[in-house]
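A.B. asks:
There are 2 protein chains.
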Amino acid sequence: MRKGAETRERILDQAVRLASRDGLDGLTIGTLSTELGLSKSGLFAHFGSKDELQLQVLQAAVERFEQTVIRPALSAPRGEPRIRAFFENWLVWEDDPSMPGGCLLVAASVELDDRPGPQRDFLSRAHQDRFQFMVKAARLAVEAGHFRSDLDPGQLAFELNAIVLGYHHVQRMLRDARAGDYARAAFERLLAHSRRSSHE
Amino acid sequence: MRKGAETRERILDQAVRLASRDGLDGLTIGTLSTELGLSKSGLFAHFGSKDELQLQVLQAAVERFEQTVIRPALSAPRGEPRIRAFFENWLVWEDDPSMPGGCLLVAASVELDDRPGPQRDFLSRAHQDRFQFMVKAARLAVEAGHFRSDLDPGQLAFELNAIVLGYHHVQRMLRDARAGDYARAAFERLLAHSRRSSHE
DNA sequence: GACGAAATAGAACGATCGTTCGTATAGTTA
DNA sequence: TAACTATACGAACGATCGTTCTATTTCGTC
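Same order as they appear, the protein sequences are chains D and G.
Heads up: the first sequence runs through residues 11 to 210, numbered per the working numbering.
Heads up: the second sequence runs through residues 11 to 210, numbered per the working numbering.
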């Protein structure tokens, strides 16, 4: 019962890596087991089905996101500093070397957005939670007096999310080195607009 | 030579539809031929390889984007009106019923961004062209006096692109009906910031 | 050290993948 | 209409997919 959990983690670690490249469907039990030096059936026994493997891969990715991005942001002071920490950690996350094919949550989101099932349900919930985290962070920033009182927290969450998606695209598809500069400039513009009496 | 081109178009039409759901790899010659009432080998003969099929699917999608979004924008007056037309047509494109799985260019971009090959090369080029189109449109808007002279056209292109990606995500993964409102509000904020002496 | 359980391996399954080949049909041209 | 070519089909290929089964090895506990 000890050993099993260890290998399961080792499997999921490599599975996240592979799925970031090839997608959740492109992720294959055969290649995954080969790369890990395991037998196909031995690996399979840990999950019982490919659906379950995909689900656990998604869960692993979400857990890591919370650990890498959410938690550090929560330990920053409420208001603008927290939002800033969240954003910067998110950018770091997007280039995490443990996902050489780019953020798995982005890849899986595009892959699953129109395919009903438990994988989509789980991922959708995770994205909603992340969105609500940003909404709440924006509200706290308003309460702290950092942001203007008529700011729409949902709008800020949308734009924050959009900036990171834009970064992902320009960085990975266009391979434009200015991706980070663009993203940070957009973020600063968003912050400036969100602060008290920004322009009217 | 006549008949062949017709069926080829019919194949590509359905292929774009299927690939928008299942991705370019998920697109399968077997299911594609079945849905069209063709034999696998008969369909295959039109392309010679799956790689070539994928490439032509991408080309078909890019051509349609140019026809649906780029060309109408070009027939709008230079400057802000053109950018506005481009953006609105882009949003319409994102919900085009001929791609029930969402914009193929977004899906393929995430799928191919880390897989070298002619498909990625072609798609990357298409995205660069689209980006440059936005850059040029922004420059024209500056020249027309609609936008401030110190505006960074690349930055505007980045943010425009980001807004649409955010729309795609919130609309399709979160299934939030406010996606359009969010996107348009972000767009108006971007325009306001880009106009002459917006806030300083 | 022996025993029961957990973990892994190996072989095989039907299904489907992309692809090839030979053949028949359909369409175009002379 | 005859000849020719483009188009489509059907069967089969080896490879790989997820999955199932049985057997073997490894582990934790008494």
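Built from N, CA and C at the ideal position, the CB exists for glycine as well.
Under a CB-based cut-off of 8 Å, is residue 117(D) close to chain G?
C.D. replies: It does: the Cβ of residue 117(D) has a partner Cβ on chain G nearer than 8 Å.
A.B. asks: Contact criterion: CB-CB distance below 8 Å. Does residue 144(D) meet it with respect to chain G?
C.D. replies: no
A.B. asks: Any idea what DSSP makes of residue 182(D), helix, strand or coil?
C.D. replies: helix
A.B. asks: Could you tell me which residues DSSP puts in a beta bridge with residue 157(D)?
C.D. replies: 205(D)
A.B. asks: Could you please give the first and the last residue of the uninterrupted alpha helix (DSSP H) stretch that includes residue 91(G)?
C.D. replies: 90-104
A.B. asks: Thinking C-alpha only, which one of 36(G), 59(G), 69(G) and 24(G) is nearest residue 47(G)?
C.D. replies: 24(G)
A.B. asks: For a contact defined as C-beta to C-beta under 7 Å, what are the partners of residue 137(D) on chain G?
C.D. replies: 183 and 184
A.B. asks: For chain D, is any of its Cβ atoms less than 8 Å away from the one on residue 124(G)?
C.D. replies: yes
A.B. asks: In the DSSP assignment, find the alpha helix (DSSP H) that holds residue 82(G) and state where it starts and stops.
C.D. replies: Counting along the chain, the alpha helix (DSSP H) containing residue 82(G) begins and ends at 81-84.
A.B. asks: Report yes or no: is there a C-beta of chain D within less than 8 Å of the C-beta of residue 121(G)?
C.D. replies: yes
A.B. asks: Restricting to Cα atoms, I'd like to know which of 67(G), 168(G), 188(G) and 40(G) is closest to residue 192(D).
C.D. replies: 168(G)
A.B. asks: Do the segment 169-188 of chain G and the segment 169-182 of chain D touch if we need at least three Cβ pairs shorter than 8 Å?
C.D. replies: yes
A.B. asks: Mind pulling the chain G residues with CB within less than 7 Å of residue 141(D)?
C.D. replies: 184
A.B. asks: Is it a yes or a no for the segment 82-89 of chain D touching the segment 148-159 of chain D, going by three-plus beta-carbon pairs under 8 Å?
C.D. replies: yes
A.B. asks: In this structure, does DSSP put residue 31(G) in helix, strand or coil?
C.D. replies: helix
A.B. asks: If you compare alpha carbons, which of 66(D), 35(D) and 135(D) is closest to residue 20(D)?
C.D. replies: 66(D)
A.B. asks: Is residue 195(D) close to chain G? Criterion is C-beta to C-beta, closer than 8 Å.
C.D. replies: For residue 195(D), a Cβ of chain G is located within less than 8 Å of the residue's own Cβ.
A.B. asks: Note the first and the last residue of the continuous alpha helix (DSSP H) segment covering residue 69(G).
C.D. replies: Under the DSSP assignment, residue 69(G) falls in the alpha helix (DSSP H) whose first and last residues are 60-75.
A.B. asks: Using a Cβ-Cβ distance under 8 Å, would residue 176(G) count as near chain D?
C.D. replies: The beta carbon of residue 176(G) falls within 8 Å of a beta carbon belonging to chain D, placing the residue at that interface.
A.B. asks: Count the C-beta pairs between the segment 101-117 of chain G and the segment 157-167 of chain G that are closer than 8 Å, then say yes if the count reaches three, no if not.
C.D. replies: Cβ pair count under 8 Å is below three, so no.
A.B. asks: Between residue 55(G) and residue 26(G), how many whole angstroms is the CB-CB distance? I'm expecting something under 8 Å.
C.D. replies: Incorrect: roughly 20 Å between the Cβ atoms, too far for contact.
A.B. asks: Would you kindly report the start and end of the unbroken alpha helix (DSSP H) that includes residue 54(D)?
C.D. replies: In the DSSP assignment, residue 54(D) falls within the alpha helix (DSSP H) that extends over 50-55.
A.B. asks: Does any C-beta atom of chain G lie closer than 8 Å to the C-beta of residue 180(D)?
C.D. replies: Judged by the 8 Å Cβ criterion, residue 180(D) is in contact with chain G.
A.B. asks: Determine, using beta carbons only, whether residue 184(G) and residue 134(D) come nearer to each other than 8 Å.
C.D. replies: yes
A.B. asks: Short check: CB of residue 53(G) to CB of residue 68(G), under 8 Å?
C.D. replies: Residue 53(G) places its beta carbon 8 Å or farther from that of residue 68(G).
A.B. asks: Hey, could you find the ends of the alpha helix (DSSP H) residue 108(G) is sitting in?
C.D. replies: Here residue 108(G) belongs to no alpha helix (DSSP H), and DSSP marks it neither H nor E.
A.B. asks: Can you round the beta-carbon distance between residue 118(D) and residue 28(D) to whole angstroms, since I take them to be within the 8 Å contact cut?
C.D. replies: At roughly 13 Å, the Cβ-Cβ gap does not stay under 8 Å, so residue 118(D) and residue 28(D) are not in contact.
A.B. asks: Starting from residue 187(G), follow the alpha helix (DSSP H) in both directions and report where the run begins and ends.
C.D. replies: Where residue 187(G) is concerned, there is no enclosing alpha helix (DSSP H), given that its DSSP letter is neither H nor E.
A.B. asks: Would you mind sorting residue 140(D) into buried or exposed? The rule is 16 or more other CB atoms within 10 Å of its CB.
C.D. replies: buried
A.B. asks: Is the distance from the Cβ of residue 143(D) to the Cβ of residue 80(D) below 8 Å?
C.D. replies: yes
A.B. asks: Rounded to the nearest angstrom, how far is the Cβ of residue 158(G) from that of residue 199(G), given a contact under 8 Å?
C.D. replies: Rounded to the nearest angstrom, the Cβ distance from residue 158(G) to residue 199(G) is 15 Å, too far for a contact under 8 Å.
A.B. asks: Measure the C-alpha to C-alpha separation of residue 150(D) and residue 39(G) and round it to an integer number of angstroms.
C.D. replies: 52 Å
A.B. asks: Ordered along the chain, which non-local residues of its own chain (more than five positions away) have a Cβ less than 8 Å from that of residue 15(D)?
C.D. replies: Leaving aside the five residues that flank residue 15(D) on each side, none in its chain has a CB nearer than 8 Å to its CB.
A.B. asks: Use the C-beta contact count for residue 64(G): other C-beta atoms within 10 angstroms, 16 or more gives buried, fewer gives exposed.
C.D. replies: So residue 64(G) counts as buried.
A.B. asks: Between which residues of its own chain and residue 121(G) is the CB-CB distance below 8 Å, once the five residues before and five after are set aside?
C.D. replies: 33, 34 and 35
A.B. asks: By the three-class DSSP mapping on this structure, what secondary structure does residue 112(G) have?
C.D. replies: Residue state, collapsed to three classes: coil.
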